[in-house]
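Numbering (the UniProt record's numbering), first residue to last: 1 to 152.
See below for the structure under consideration.
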Amino acid sequence: MVVVMIIAVVSVSVALSFGRSTDRTARLEADRFMAVINEVRDEAVIAGTGYLLNMDEKSHTYSFESTRSGAPASVGDDLFRARSIGDEVEIEWTVLEILEEDSNVAPKVYITSLGELTPFELRLSGDNTDYIVRVNDEGMLERQEKAQLGFR
Numbered sequence: 001m002v003v004v005m006i007i008a009v010v011s012v013s014v015a016l017s018f019g020r021s022t023d024r025t026a027r028l029e030a031d032r033f034m035a036v037i038n039e040v041r042d043e044a045v046i047a048g049t050g051y052l053l054n055m056d057e058k059s060h061t062y063s064f065e066s067t068r069s070g071a072p073a074s075v076g077d078d079l080f081r082a083r084s085i086g087d088e089v090e091i092e093w094t095v096l097e098i099l100e101e102d103s104n105v106a107p108k109v110y111i112t113s114l115g116e117l118t119p120f121e122l123r124l125s126g127d128n129t130d131y132i133v134r135v136n137d138e139g140m141l142e143r144q145e146k147a148q149l150g151f152r
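Next comes the structure, spelled out in structure tokens:
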């Protein structure tokens, strides 16, 4: 009976410790974001059309629209549906290349029909770790992991 009680207490404490950390959620969201962008990039090359990536930091959502029509991309296609990032994960979105004539317009990330991406950086922050998704010098997506210093 005592052994069962000890196992139960240990199990509950382990379960609670996993539930508290948002680091795992941030990492999974970063991986999912990269996978979706790479799939949309492939679709852009295959279909011969470009797409815009729309990121809404306030609502923690992102979606795509076609550069041909300006309408949401392929409404019936699950790949292009709007996706949300969990509210427990803090996000910071930066577009690194902004056209001067578009200075009054919110920066956008273009995915061209050649598979090229506008350089950007998305920081997803958990409790102790930041996961940074960015476009590297070769034009490929990469995820960097940085431990946070100090407290939030």
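Every residue gets a Cβ at the ideal spot worked out from N, C-alpha and C, and that includes glycine.
Suppose contacts are defined by Cβ-Cβ distances below 8 Å. Is residue 121 in contact with residue 141 by that definition?
no
Since residue 25 and residue 89 are thought to touch, with beta carbons under 8 Å apart, how far apart are those beta carbons, to the nearest angstrom?
6 Å
Can you give me the C-alpha to C-alpha distance between residue 32 and residue 50, rounded to a whole angstrom?
21 Å
For residue 53, three-class secondary structure by DSSP
strand
Using beta-carbon positions only, say whether residue 156 and residue 79 come within less than 8 Å of one another.
Because the chain here runs from 1 to 152, residue 156 falls outside it and cannot be looked at.
What three-state label does DSSP hand residue 133 in the structure shown?
strand
For residue 23, count the other beta carbons within 10 Å of its own beta carbon; 16 or more makes it buried, fewer makes it exposed. Which is it?
buried
Might you give, ordered along the chain, the residues of its own chain that have their beta carbon closer than 8 Å to the beta carbon of residue 113, omitting 5 neighbours on each side?
44, 45, 47, 48, 49 and 50
Classification of residue 82 by the beta-carbon crowding that lies within 10 angstroms, buried from 16 upward:
exposed
Three-way DSSP call (helix, strand, coil) for residue 95 in this model
strand
Measuring only the C-alpha atoms, how far is residue 61 from residue 84?
4 Å
One question on the structure: do residue 123 and residue 91 come within less than 8 Å of each other, judged by their Cβ atoms?
yes
Along the chain, where does the beta strand (DSSP E) that runs through residue 41 open and close?
That residue, residue 41, is in no beta strand (DSSP E); its alpha helix (DSSP H) goes 23-47.
Quick one: what does DSSP say residue 114 is sitting in, helix, strand or coil?
coil
Put residue 79 into one of helix, strand or coil per three-state DSSP.
helix
Shortest alpha-carbon distance to residue 148 belongs to which of 132, 39, 54 and 64?
132
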